[in-house]
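J.:
There are 2 protein chains.
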Amino acid sequence: MLSKKTKYGIKALTYLARQDSKNPVSIATISKSENISVKFLESILLTLKKNGILGSKKGIGGGYYLIKNPKDVPMTTVMRILEGPIAMVPCVSLNYYEKCDDCPDEGTCAVHKLMIQIRDNSLKIFRNTTLAELAN
Amino acid sequence: MLSKKTKYGIKALTYLARQDSKNPVSIATISKSENISVKFLESILLTLKKNGILGSKKGIGGGYYLIKNPKDVPMTTVMRILEGPIAMVPCVSLNYYEKCDDCPDEGTCAVHKLMIQIRDNSLKIFRNTTLAELAN
DNA sequence: CTAATACCCTATCGGGTTAGTAGGATAATA
DNA sequence: TATTATCCTACTAACCCGATAGGGTATTAG
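Below you can see the structure in the form of structure tokens.
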């Protein structure tokens, strides 16, 4: 299951990508438009900022804005920040590899074999899909 | 993340698929071979039985056995029984569709658009992978 | 018939995560 | 200086996961 955190995060990002200008948009505005709890959204946008996706501006007329061009933001980046590793099992993760305690040999492990395929395909999709494409 | 339930289930199924004869194998035997908690494995095999994947035999010399030929068991079936829907979001699920409360229009929803692709690809892999292939 | 074996079933439980809330600190602007 | 809006920490209720406990029931060996 996709977490609501990721779901809301993607929605907020595409909302910003659809904006004509690069002017900051307040949490409240995004929250209202996308039907997301203000406080929850606040924490999501903050982590996106800390990870270099968003910039922010305080005070009147402030809010959040995209730092990069939407077509330069692949979904791999967004997913890894919000949802964590792409792989469904640590033993097939590229960035967060971890050996299974129970599994003596990955070469003969059925789960490993199956999940490698899933990871490769998901990775391909996330890599080839940018924020710009989702915004259209 | 893939649940341990599914992970262990797949391991147990491939263990059975690798067996030469169709003789029942006891929970204890599989548990020992695959390093899985006996009681936990017990509940997993029971649900696999209830869903028509496994048969069982009680008493001495009893255990679990595959009902069908391994090459007639696609991973879609196994995944749906143990892990639940293939889709990461209910609004793109084929068998368990559910509309999102917050989303006014699926046609313009970025999450929907992205997750449809993921679902299609995962589905293709699970459908084309049988127990027999994983066992080799 | 009886005891041993091994599946069948329900209930429970600790620990961790998730989704959301509360409340104030800090910075920018009018 | 008041207002706006982000920043930050802490907290909590609800939920799910993995595992365990403790029997009940069917089958088979002797």
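From first to last, the protein sequence lines are chains B and D.
Position one of the first sequence corresponds to residue 1212 (our numbering), numbered consecutively onward.
Position one of the second sequence corresponds to residue 1212 (our numbering), numbered consecutively onward.
Cβ coordinates follow ideal geometry from the N, Cα and C atoms, glycine included.
Values in this document were obtained by computation on a predicted structure and should not be read as measured data.
(1) Locate the beta strand (DSSP E) running through S1276(D), then write down its first and last residues.
(2) Roughly how many angstroms separate the alpha carbons of A1346(B) and P1235(D), rounded to a whole number?
(3) S1232(B) to Y1275(B), Cα distance in whole Å?
(4) Check whether chain B comes within 8 Å of L1259(D), counting only Cβ atoms and requiring the distance to be less than that.
(5) How big is the Cα-Cα spacing for N1306(D) and N1339(D)?
(6) Would you kindly work out how many angstroms separate the C-alpha atoms of G1318(B) and I1247(B), rounded to a whole number?
(7) Determine the direct distance from the alpha carbon of N1332(D) to that of R1291(D), and round the result to whole angstroms.
(8) Can you tell me whether N1341(D) is buried or exposed, with buried defined as 16 or more other CB within 10 angstroms of its CB?
(9) Given that T1340(D) touches chain B, what residues does it touch there, using C-beta distances under 7 Å?
(10) Can you tell me the Cα-Cα spacing of V1284(D) and T1225(B), whole angstroms?
(11) What is the DSSP secondary structure of G1220(B), reduced to helix, strand or coil?
(12) May I have the straight-line CA-CA distance separating S1304(B) from H1323(B), to the nearest angstrom?
(13) Identify whether S1232(B) lies in helix, strand or coil by the three-state DSSP scheme.
(14) Can you name, in chain order, every residue of its own chain whose Cβ lies under 8 Å from the Cβ of I1278(B), other than the five neighbours on each side?
T.: In short:
(1) Within the second sequence, numbered from 1, the residue matching residue 1276(D) stands at position 65. Here residue 1276(D) is Tyr; the residue named in the question, Ser, does not match the sequence. Per DSSP, Y1276(D) belongs to the beta strand (DSSP E) from G1274 to L1277.
(2) One-based indexing of the first sequence puts residue 1346(B) at position 135. One-based indexing of the second sequence puts residue 1235(D) at position 24. It is roughly 54 Å from the alpha-carbon of A1346(B) to the alpha-carbon of P1235(D).
(3) Position 21 of the first sequence, counting from 1, holds the residue named residue 1232(B). Position 64 of the first sequence, counting from 1, holds the residue named residue 1275(B). Rounded to the nearest angstrom, the two C-alpha atoms are 12 Å apart.
(4) In the second sequence, residue 1259(D) corresponds to position 48, counting from 1. For L1259(D), the answer is no, since every Cβ of chain B falls outside 8 Å of its Cβ.
(5) The residue labelled residue 1306(D) in the question sits at position 95 within the second sequence. The residue labelled residue 1339(D) in the question sits at position 128 within the second sequence. Roughly 18 Å between the two C-alpha positions.
(6) Locating residue 1318(B) in the first sequence gives position 107, counting from the first residue. Locating residue 1247(B) in the first sequence gives position 36, counting from the first residue. Distance from the CA atom of G1318(B) to the CA atom of I1247(B), rounded to whole angstroms, is 44 Å.
(7) For the purposes of this step, residue 1291(D) is taken as the residue at position 80 of the second sequence. For the purposes of this step, residue 1332(D) is taken as the residue at position 121 of the second sequence. Roughly 15 Å separates the two Cα atoms.
(8) Counting from 1 along the second sequence, the entry for residue 1341(D) is found at position 130. The question names Asn, but residue 1341(D) is Thr in the sequence shown. Label assigned to T1341(D): buried.
(9) Taking the second sequence and counting its residues from 1, the one referred to as residue 1340(D) is at position 129. Under a criterion of Cβ atoms nearer than 7 Å, the residues of chain B adjacent to T1340(D) are, in order, L1325.
(10) Here residue 1284(D) refers to the residue found at position 73 when the second sequence is read from its first residue. Here residue 1225(B) refers to the residue found at position 14 when the first sequence is read from its first residue. When the Cα atoms are used, V1284(D) and T1225(B) turn out to be separated by approximately 40 Å.
(11) As a working mapping, residue 1220(B) is identified with position 9 in the first sequence. It is helical.
(12) Residue mapping note: residue 1304(B) aligns to position 93 of the first sequence, counting from 1. Residue mapping note: residue 1323(B) aligns to position 112 of the first sequence, counting from 1. In a straight line, the C-alpha of S1304(B) is about 10 Å away from that of H1323(B).
(13) What you label residue 1232(B) is simply residue 21 of the first sequence in a count that begins at 1. Judged by DSSP in its simplified three-state form, S1232(B) adopts coil rather than helix or strand.
(14) As a first step, residue 1278(B) is located in the first sequence; it is residue number 67 there, counting from the start. Cβ neighbours of I1278(B) beyond the five flanking positions: G1263, I1264, L1265 and G1266.
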